[in-house]
Every structure is written in C-alpha cells, then in structure tokens.
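Engineer:
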Amino acid sequence: MMKSQNQQPWVEKYRPRHLKDVVGQTEIVKRLKIFTGPSGRSMPHLMFAGPAGTGKTTCALALIRDLFGPKMKRNATYLELNASDARGIGVIRTDVKDFAKTQPPQGVPFKILVLDEADSTTPDAQQALRRTMEKFTQNCRFILICNYSNKIILPIQSRTSLFRFSPLSESEIIERVKFVAERENVDIEDDGIRALIYVVNGDMRRAVNYLQAAASLGEKINEELVYRITGKINPLEIHHLLEAALAKEFMVAKRKLDTLFKQYGLSGRNIIKQCHQEVFNLEISERAKLDILKLLAEIEFRLSQGATEEIQLNSMLAKLAIIDL
Ligand SMILES: Nc1ncnc2c1ncn2[C@@H]1O[C@H](COP(=O)(O)OP(=O)(O)O)[C@@H](O)[C@H]1O
Ligand SMILES: [Mg+2]
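The opening residue of the sequence shown carries number 12 in the working numbering; numbering runs sequentially from there.
Printed below as a string of structure tokens:
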C-alpha cells in the first residue's frame with residue numbers, strides 16, 4: 012500500500028482537490044465558486060480554454076467536488092471523457108449521449124460531463140454534441156475543455172460560459188514548486204527554481220513533473236541538473252552565444268555553438284527556439300531585435316524543410332555578425 016502511494020506521480024498527488032486550493036486563475040476560481048453556492052442550480056454549460064498544465068481539468072474536478080461533495084461519483088453524477096479518443100465521433104454519439112440522457116440520481120440537481128480536448132473533434136461531431144447538450148440540459152451540464160475556443164463551433168460557443176485560463180505566473184509556479192518540494196523533503200536551490208520557471212513556460216504540470224524527475228536522481232537540485240534533465244540549454248549560454256555573434260566574433264561564437272551541440276545533443280531547431288526566447292533579453296535596439304527575429308524565422312523554416320543543421324546554424328552566426336545594433 013505504502014509503496015504505491017509513494018510511486019504516485021506528484022502531479023496527481025498534488026492536484027488541488029478543492030477550488031480554494033487552486034493556485035492562481037483567481038478570477039476563474041471566483042466565478043466558479045459562485046456555482047457552488049446557493050445559485051448552483053443555475054450553472055450553465057461551461058467552456059474552459061487555455062494552454063496545457065494551467066488547471067483546466069483540475070478546476071473542472073474541483074468544481075464538481077465542491078458542488079456535489081460526497082455525491083461526487085464517477086459514472087453516476089459525473090463523467091470525464093476525452094473527445095480525441097480513437098473512436099472519434101463514436102464517443103459523442105454514444106458515451107456522451109448515454110450519460111447525458113438519463114436523469115440525475117437523487118439529491119443532485121444535474122449531472123456533469125467533462126469533455127476534454129473538445130477542440131480536437133470535427134464540426135460534424137460538434138454539431139452532434141450541440142444537439143445532445145441542448146436536448147438534455149435538464150439532466151446534464153457540460154464542461155468542455157479545449158486549448159483554443161475558436162476551434163469550437165459558434166453555436167456551442169454561444170451556449171457556454173467561457174473561462175480563459177492563462178499560463179501561470181513566475182510567482183505562482185515558485186509558490187507551488189516550493190510547496191511540493193517541502194512536502195516531499197527535497198532540496199531545491201533558488202537557481203534550480205529559476206531554471207524550472209524558464210523551461211516550463213507557465214505550465215504547472217511540467218513544473219511538478221520536472222521537479223519529481225529531478226528529485227528522483229537524489230542529487231541536489233540546481234540549475235545545472237534542471238537543464239540536464241529537461242534537455243534545455245542554460246539561457247545564459249545562449250545569451251553569450253548571441254552576444255559573441257553580434258559582436259562579430261565569429262570564431263568565438265562558432266566554438267560556443269559547437270560545444271553546445273556536443274554537450275547537450277540538441278537539434279538545431281531546439282537551439283533556434285531558445286535563441287528566439289533569448290532575443291528579448293538582449294541589450295540592443297528594437298530594430299536589431301526585429302532583424303534577428305526575422306533571421307531566426309528563416310533559419311527555422313529551412314531546418315523544417317530538411318536543410319543541413321551545421322550549415323544553417325553557421326549561416327545564422329554569419330548573418331548575426333552583419334546586423335546593425
Ligand atoms: N492552477 C493550478 N494550481 C495548482 N496545480 C496546478 C494548477 N494547474 C495545474 N496544476 C498541476 O498540474 C497538473 C495538471 O493540471 P491540469 O488541470 O490537468 O491541467 P490542464 O489545464 O492541462 O487540464 C495538476 O494535477 C496539478 O498538479
Ligand atoms: Mg487537462
């Protein structure tokens with residue numbers, strides 16, 4: 012028993028169970044809490060949109076728990092389905108409908124169906140979904156989860172109340188990472204936390220996953236370890252690379268690039284991506300930044316077409332050297 016408990020992924024172990032425990036997304040949480048109060052019965056269909064790892068599924072489940080309490084029972088009062096299931100439209104024609112058409116059990120005002128990746132379905136499937144949502148609104152409220160709300164057909168958009176999730180802020184990720192690290196008794200240095208923030212881009216799932224992966228090595232968690240396990244280059248090194256190239260020190264830049272390639276074993280496109288992220292931290296004119304962005308876009312495109320990495324990256328260094336700062 013103990014063992015399986017320990018092996019539970021931390022993302023699940025530390026998934027907030029109640030709305031009050033959700034980190035950030037304050038406006039969303041505030042609006043959702045209203046449905047758990049006396050006006051719960053008036054809850055409309057909802058749509059949660061936003062990037063991965065920001066709390067969409069977490070908020071859906073927490074809302075259901077706060078609303079239903081001990082009556083939260085899978086298959087009875089709520090159901091979570093994934094629309095990108097291999098059976099495609101079948102999920103919507105059968106599973107969704109079967110759940111939605113039956114009356115809610117005693118003591119709950121309606122059932123709730125959470126449909127994840129709703130934007131992965133075809134417009135046809137969405138039309139079928141819309142009809143089911145309309146027909147069985149009395150029995151069942153829907154929470155549709157998606158990355159992009161504009162990939163959902165308008166008739167559904169207009170029948171749901173939209174909640175836009177944003178990437179979590181630095182301080183929110185710091186707060187959560189410190190919280191989990193403390194509970195799990197792992198030591199993480201400040202530079203390790205900063206590195207985590209850099210690599211996860213507002214995605215809390217990745218932050219917690221990387222923390223667990225780093226902790227499992229049993230070493231002190233610092234920036235070096237975080238970059239090692241995430242396969243990212245320390246942004247300082249990218250910064251030095253760009254600076255050397257812009258300063259027209261071609262050979263210095265080239266040696267730096269060669270070491271990065273060897274040391275990290277990254278693809279050219281990954282390096283370009285990180286250069287792109289770092290451009291905004293360079294102390295050069297706006298104009299020069301725009302030139303670099305255009306250049307990076309060009310190189311990235313060529314690499315995507317199968318051009319040779321070494322030749323393209325050297326050409327990038329050469330072109331950086333002729334940019335007016
Ligand atoms: N706002 C948040 N507060 C606390 N933990 C979060 C938050 N968002 C994500 N997480 C962590 O990441 C995991 C995945 O979150 P989830 O809600 O499934 O993301 P998604 O937006 O992709 O549905 C959760 O189990 C939790 O550990
Ligand atoms: Mg999710």
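Backbone N, C-alpha and C define an ideal beta-carbon position, used for all residues, glycine too.
Using a Cβ-Cβ cut-off of 8 Å (strictly less than) and excluding sequence neighbours within five positions of Glu320, which residues of its own chain qualify?
Structural biologist: On the sequence shown, residue 320 is found 309 positions in, with the first residue counted as 1. Excluding residues within five positions, the ones whose Cβ falls inside 8 Å are Ser278, Gly279 and Leu314.
Engineer: With DSSP as the reference, label Asn161 as helix, strand or coil.
Structural biologist: By 1-based counting over the sequence shown, the position of residue 161 is 150. DSSP places Asn161 in helix when its eight states are reduced to three.
Engineer: Residue range of the alpha helix (DSSP H) that Ile310 falls in?
Structural biologist: Sequence index remark: in the sequence shown, residue 310 carries index 299 (1-based). Where Ile310 is concerned, the enclosing alpha helix (DSSP H) stretches over Glu297 to Ser315.
Engineer: Name the DSSP bridge partner or partners of Tyr89?
Structural biologist: As a working note, residue 89 is residue 78 in the sequence shown. Answer is Arg85 and Ile123, bridged to Tyr89.
Engineer: By DSSP, does Phe291 sit in helix, in strand, or in coil?
Structural biologist: Taking the first residue of the sequence shown as position 1, residue 291 is located at position 280. Coil at Phe291, not helix or strand.
Engineer: Residue ranges of each alpha helix (DSSP H) run of no fewer than 4 residues wholly in the segment 193 to 274, ordered along the chain?
Structural biologist: Under the rule that a run must span 4 or more residues, the alpha helix (DSSP H) segments found entirely inside the segment 193 to 274 read 201 to 211, 215 to 226, 234 to 241 and 246 to 257.
Engineer: What three-state label does DSSP hand Phe190 in the structure shown?
Structural biologist: Indexing the sequence shown from 1 puts residue 190 at position 179. Residue state, collapsed to three classes: helix.
Engineer: On a CA-only basis, which of Ile154, Gly101, His287 and Phe147 is nearest Ala73? Give me that one, please.
Structural biologist: By one-based count along the sequence shown, residue 73 stands at place 62. Answer by Cα proximity: Ile154.
Engineer: Along the chain, where does the alpha helix (DSSP H) containing Phe174 start, and where does it finish?
Structural biologist: Within the sequence shown, residue 174 is the residue found at index 163, counting from 1. Annotation: Phe174 is outside any alpha helix (DSSP H); the continuous beta strand (DSSP E) that includes it extends over Thr171 to Arg175.
Engineer: State the beta-bridge partners of Leu155 as determined by DSSP.
Structural biologist: Taking the first residue of the sequence shown as 1, we reach residue 155 at position 144. BP columns for Leu155 point to Met58 and Leu126.
Engineer: Could you have a look at Phe147 and say whether DSSP puts it in helix, strand or coil?
Structural biologist: Taking the first residue of the sequence shown as position 1, residue 147 is located at position 136. Correct three-state label for Phe147: coil.
Engineer: In angstroms with no decimal places, state the Cα-to-Cα distance between Pro27 and Thr69.
Structural biologist: For the purposes of this step, residue 27 is taken as residue 16 along the sequence shown, with counting starting at 1. For the purposes of this step, residue 69 is taken as residue 58 along the sequence shown, with counting starting at 1. Whole-angstrom Cα-Cα distance: 7 Å.
Engineer: Using CA coordinates, which residue listed in Trp21, Ala71 and Val188 is at the minimum distance from Leu43?
Structural biologist: Residue 43 sits at position 32 when you count from the first residue of the sequence shown. Ranking Trp21, Ala71 and Val188 by Cα distance to Leu43 puts Ala71 first.
Engineer: Starting from Arg42, follow the alpha helix (DSSP H) in both directions and report where the run begins and ends.
Structural biologist: Counted from its first residue, the sequence shown places residue 42 at position 31. Thr37 to Thr47 is the extent of the alpha helix (DSSP H) around Arg42.
Engineer: Ordered along the chain, which non-local residues of its own chain (more than five positions away) have a Cβ less than 6 Å from that of Pro55?
Structural biologist: Along the sequence shown, one-based indexing puts residue 55 at 44. Ser172, listed in sequence order.
Engineer: With DSSP collapsed to three states, give me the class of Val34.
Structural biologist: To locate residue 34, count along the sequence shown from 1; it is residue 23. Note: Val34 maps to coil in three-state DSSP.
Engineer: Throw me the rounded Cβ distance for the Phe5 and Leu124 pair, which I believe falls under 8 Å.
Structural biologist: For residue 5 there is no data in the structure shown, the boundaries of the chain being 12 and 336.
Engineer: Does DSSP put Pro178 in a helix, a strand or coil?
Structural biologist: Taking the first residue of the sequence shown as position 1, residue 178 is located at position 167. In the structure shown, Pro178 sits in coil (DSSP, three-state: anything other than H, G, I, E or B).
Engineer: For Ala218, count the other beta carbons within 10 Å of its own beta carbon; 16 or more makes it buried, fewer makes it exposed. Which is it?
Structural biologist: As a position in the sequence shown, residue 218 is number 207, starting the count at 1. Ala218 is buried by the Cβ-count criterion.
Engineer: With DSSP collapsed to three states, give me the class of Asp96.
Structural biologist: The residue you call residue 96 lines up with position 85 of the sequence shown. Three-state result, Asp96: coil.
Engineer: Taking Ile167 as the reference, which of Asn150, Cys151 and Met144 has the closest Cα?
Structural biologist: The sequence position of residue 167 within the sequence shown is 156, counting from 1. When only C-alpha atoms are compared, the closest one is Met144.
Engineer: Helix, strand or coil: which one does DSSP assign to Thr68?
Structural biologist: Counting from one through the sequence shown, the residue named residue 68 turns up at place 57. DSSP places Thr68 in helix when its eight states are reduced to three.
Engineer: Run through DSSP, which three-state label would Met13 get?
Structural biologist: The sequence position of residue 13 within the sequence shown is 2, counting from 1. Residue confidence for Met13 is low, a pLDDT of 44 falling below 50, so the modelled location carries little weight; the figure read from the coordinates is stated next. Of the three classes helix, strand and coil, the one that applies to Met13 here is helix, per DSSP.
Engineer: Taking 6 Å as the line, does the beta carbon of Val219 fall inside it for any heavy atom of ligand 1?
Structural biologist: Taking the first residue of the sequence shown as 1, we reach residue 219 at position 208. Yes, ligand 1 has a heavy atom inside 6 Å of this Cβ.
Engineer: Taking only heavy atoms of ligand 1 into account, decide whether any of them is closer than 6 Å to the Cβ of Tyr89.
Structural biologist: Numbered from its first residue, the sequence shown carries residue 89 at position 78. No, the beta carbon of Tyr89 sits no closer than 6 Å to any heavy atom of ligand 1.
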